[in-house]
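**Q** Sharing a structure, written as structure tokens. Questions coming.
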Amino acid sequence: MDSDSLHSAEQTPRPIILHKNDFEALYREYWQRLYDFALCKTHDKDVAEEIVQDLFVNIWEKRKELRVVNVQSYLFVSVRNKVITYYKQKVFADLDTASDTVAPDYPLFLEELEAALQGAMGQLPQKTHDIFLLNRFEGKSAREIAAKLHIPERTVEYHITQALRQLKVLLRNSTTLLLAFISSITF
Amino acid sequence: MSKENFYTLLSRYRSGNCTDQEKRLVEQWFATLDEEIPQRTSQENNAIEERIWNAIQHQTEAEKPVFQMMIWKWASAAVIILALGWAGYQYKNSRNPLLTNSAVSSVIHKNLTTETNSTNQPKAIKLPDGSQIELSPSSSIAYEPSFSGVRREVFLEGKAFFRVQRDTERPFFVHTGDVVTKVLGTSFWVNGSEDKSAIEVSVLTGKVSVSQHARADGTETSKIKDGVILTANQRVKYTVQTRSFETGLVSNPVPVMAEKKGKPVAESFDFQDNPFSEVIAKLEETYGIEIILEDETFTGCLFSGNITKQPLFTKLDLLCNSVNASYEVRGTRILISGKGCAVTN
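In order, the protein sequence lines correspond to chains A and B. So in full-length UniProt numbering, spot 11 of the first sequence is number 11, and the numbers just go up one at a time. So in full-length UniProt numbering, spot 210 of the second sequence is number 210, and the numbers just go up one at a time.
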């Protein structure tokens with residue numbers, strides 16, 4: 001789904017920046033969608049700015065080696081990874097101790113998390129669920145999803161709104177400690 | 001511990017070394033994070049666009065590894081609560097006598113925007129230049145609404161955490177009672193509460209200078225020696241009665257050095273029979289704190305163990321225990337003394 005799309009067979013990976021002007025053009029074209037994506041995930045304007053900034057600085061530094069098939073998905077996947085890293089560090093800063101070893105109750109934790117998330121996501125209708133993941137996880141716009149699934153854009157928007165509304169209710173009603181924790185780290 | 005497990009899960013996902021189940025869980029969790037984004041005006045949008053672009057240009061043109069600091073700023077935001085204290089000074093370069101007490105009061109009478117935090121939660125305030133302030137309860141802050149001048153000036157009563165937007169053209173000043181703190185771009189605490197007998201400044205990142213206000217009577221020379229420069233993990237306490245500055249370390253120093261090659265993990269402190277002095281040198285570099293070994297007695301001492309995740313002072317406890325030494329914080333430095341390893345096994 002994610003990084004695989006960078007190496008799809010039909011296209012050859014290309015450098016995305018050949019000239020300094022390409023760099024600015026790339027920024028101007030994408031900054032806002034990337035910033036909004038980072039902001040709605042982190043809920044912190046400074047962090048969102050830093051993520052976008054960091055991403056473009058990384059791209060500039062790697063410009064000679066970087067080869068990309070789909071620029072847009074490369075950018076969104078990069079932001080997504082930075083968001084996850086941000087949460088990872090936020091959890092890390094909260095820990096008194098942490099080690100590289102996996103705690104004995106880790107498998108149990110995964111089961112609980114699975115149950116909690118399935119409980120919420122699983123209650124979404126299949127189509128809503130799929131569209132929601134395409135939009136929220138892969139950063140695809142409503143228009144792109146509409147084109148991909150051959151359905152009207154309005155329908156896609158409806159599914160996304162429904163998914164968000166239902167998930168909010170489901171997660172709010174959840175009484176598991178685990179979910180309380182996961183939603184609390186999102187501040 | 002859920003948190004520890006959650007950390008494990010995210011680490012495994014980011015390292016690419018995870019099962020399909022773990023991948024799916026992270027993806028689903030990620031999908032539920034969304035919150036509505038507040039509407040922005042087109043002016044706000046342009047401001048953000050230009051701010052980020054300037055920052056990118058700044059970093060790519062200079063080709064300096066400044067960007068590596070970014071990630072730690074996030075981490076430090078969580079650590080900040082623990083870190084109280086360091087201060088800085090260096091106000092001597094100011095040629096402009098604006099900061100005399102009389103001048104300050106005249107500025108105050110201009111139309112300053114005042115924000116007071118009467119809640120019992122910290123209050124977030126965004127300044128016109130994008131700098132951020134977390135104003136503690138029972139504290140207030142005043143500033144020029146536009147920041148139009150050649151310097152950005154803020155007047156604080158009480159305690160606040162600052163994350164200052166870098167702008168080398170317009171230095172940022174925080175006035176707190178007798179003390180003025182000058183910065184170019186950094187994050188730090190100023191604590192002027194405590195019945196106003198003392199003012200404390202602590203630096204998270206970057207460098208600031210803390211000094212006394214120039215006296216209105218023009219005894220300018222006094223201020224040159226009455227100040228200090230603080231770097232990350234340092235703090236200074238200014239005692240009003242004695243007009244003296246006392247520097248020290250923050251209670252929980254955080255790494256100031258970014259990770260190599262933009263890798264967003266903490267510097268590793270995993271050792272296998274490494275010389276004690278080498279371990280100490282790495283601590284010095286990572287935390288930006290000077291550590292002095294008493295004499296040469298530690299030659300031949302070796303250390304093994306993984307102390308990556310411990311706070312600095314716990315690291316030092318573990319290190320010192322292993323070689324029968326002890327450490328003490330002296331001002332902004334740490335002194336380690338011991339008998340060396342000749343008598344131990």
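For every residue, glycine included, the Cβ atom is placed at its ideal position computed from N, Cα and C.
Ignoring anything shorter than 4 residues or poking outside the UniProt domain "RNA polymerase sigma-70 region 2" (26 to 90) of chain A, list the alpha helix (DSSP H) runs there in chain order.
**A** With a minimum length of 4 residues, the continuous alpha helix (DSSP H) runs that stay inside the UniProt domain "RNA polymerase sigma-70 region 2" (26 to 90) of chain A are 45 to 62.
**Q** Should Asn17/B be flagged as near chain A, meaning a C-beta pair shorter than 8 Å?
**A** It does not: the Cβ of Asn17/B has no partner Cβ on chain A nearer than 8 Å.
**Q** Helix, strand or coil, according to DSSP, for Leu167/A in the structure here?
**A** In the structure shown, Leu167/A sits in a helix (DSSP, three-state: H, G or I).
**Q** Along the region 27 to 43 of chain B, where does the CB come closer than 7 Å to a CB of chain A? Name the residues.
**A** The region 27 to 43 of chain B vs chain A, Cβ under 7 Å: Glu27, Gln28, Trp29, Phe30, Ala31, Thr32, Leu33, Asp34, Glu35, Ile37.
**Q** Can you round the beta-carbon distance between Ser131/B and Phe162/B to whole angstroms, since I take them to be within the 8 Å contact cut?
**A** Yes, they are in contact, since the Cβ atoms of Ser131/B and Phe162/B sit about 7 Å apart, within 8 Å.
**Q** What residues are listed by DSSP as bridge partners for Tyr143/B?
**A** Its beta-bridge partners are Thr113/B, Val154/B.
**Q** Do the region 159 to 166 of chain A and the region 2 to 11 of chain B make contact, defined as three or more Cβ pairs closer than 8 Å?
**A** No: the two stretches stay apart, fewer than three of their Cβ pairs being nearer than 8 Å.
**Q** Is it right to say Leu18/A is buried, meaning 16 or more other beta carbons lie within 10 angstroms of its own, or is it exposed?
**A** So Leu18/A counts as exposed.
**Q** Can you tell me where the beta strand (DSSP E) with Asp273/B in it begins and where it stops?
**A** Where Asp273/B is concerned, the enclosing beta strand (DSSP E) stretches over 270 to 275.
**Q** Does the distance from the C-beta atom of Ser139/B to that of Ala160/B stay below 8 Å?
**A** Their beta carbons are under 8 Å apart, which means Ser139/B touches Ala160/B by this criterion.
**Q** Could you check whether Ser211/B and Val250/B sit closer than 8 Å to each other, using their CB atoms as the reference points?
**A** No. Outside cutoff.
**Q** Would you mind reading off the limits of the alpha helix (DSSP H) that contains His129/A?
**A** Looking at the DSSP string, the run of the alpha helix (DSSP H) that includes His129/A is 126 to 136.
**Q** Does the count of Cβ pairs from the region 102 to 111 of chain A and the region 69 to 80 of chain A closer than 8 Å reach three?
**A** The answer is no - the region 69 to 80 of chain A does not touch the region 102 to 111 of chain A, with fewer than three Cβ pairs under 8 Å.
**Q** If we ignore side chains and look at the alpha-carbon of each, how far apart do Val208/B and Ala232/B end up?
**A** Approximately 9 Å between the Cα atoms of the pair.
**Q** Restricting to Cα atoms, I'd like to know which of Glu36/B, Glu44/B, Asn45/B, Arg40/B is closest to Lys41/A.
**A** That would be Glu36/B, whose Cα lies nearest to the Cα of Lys41/A.
**Q** Of all Cβ atoms in chain A, is any one closer than 8 Å to the Cβ of Gln272/B?
**A** No, no contact with chain A.
**Q** Under the DSSP definition of a beta bridge, which residues are partnered with Glu290/B?
**A** Glu290/B is bridged to Arg333/B.
**Q** Strictly below 7 Å CB to CB, what residues from chain B border Leu117/A?
**A** Within chain B, the residues near Leu117/A are Leu25, Gln28, Trp29.
**Q** Roughly how far, in whole angstroms, is the beta-carbon of Leu312/B from the beta-carbon of Pro253/B, given that I think they are within contact range, below 8 Å?
**A** Between Pro253/B and Leu312/B the Cβ distance is about 5 Å, and since that is below 8 Å, they are a contact.
**Q** Once DSSP output is grouped into helix, strand and coil, what is the label at Asn345/B?
**A** Summary for Asn345/B: the model assigns pLDDT 44, below 50, so the residue's position carries little reliability; its value from the coordinates is reported in the next sentence. Coil, per DSSP.
**Q** Is Ala325/B helix, strand or coil by DSSP?
**A** In this structure, Ala325/B counts as strand in the three-state DSSP scheme.
**Q** Show which residues of chain A have a CB atom less than 7 Å away from the CB atom of Thr60/B.
**A** Near Thr60/B (Cβ distances below 7 Å), the residues of chain A are Val57, Trp60.
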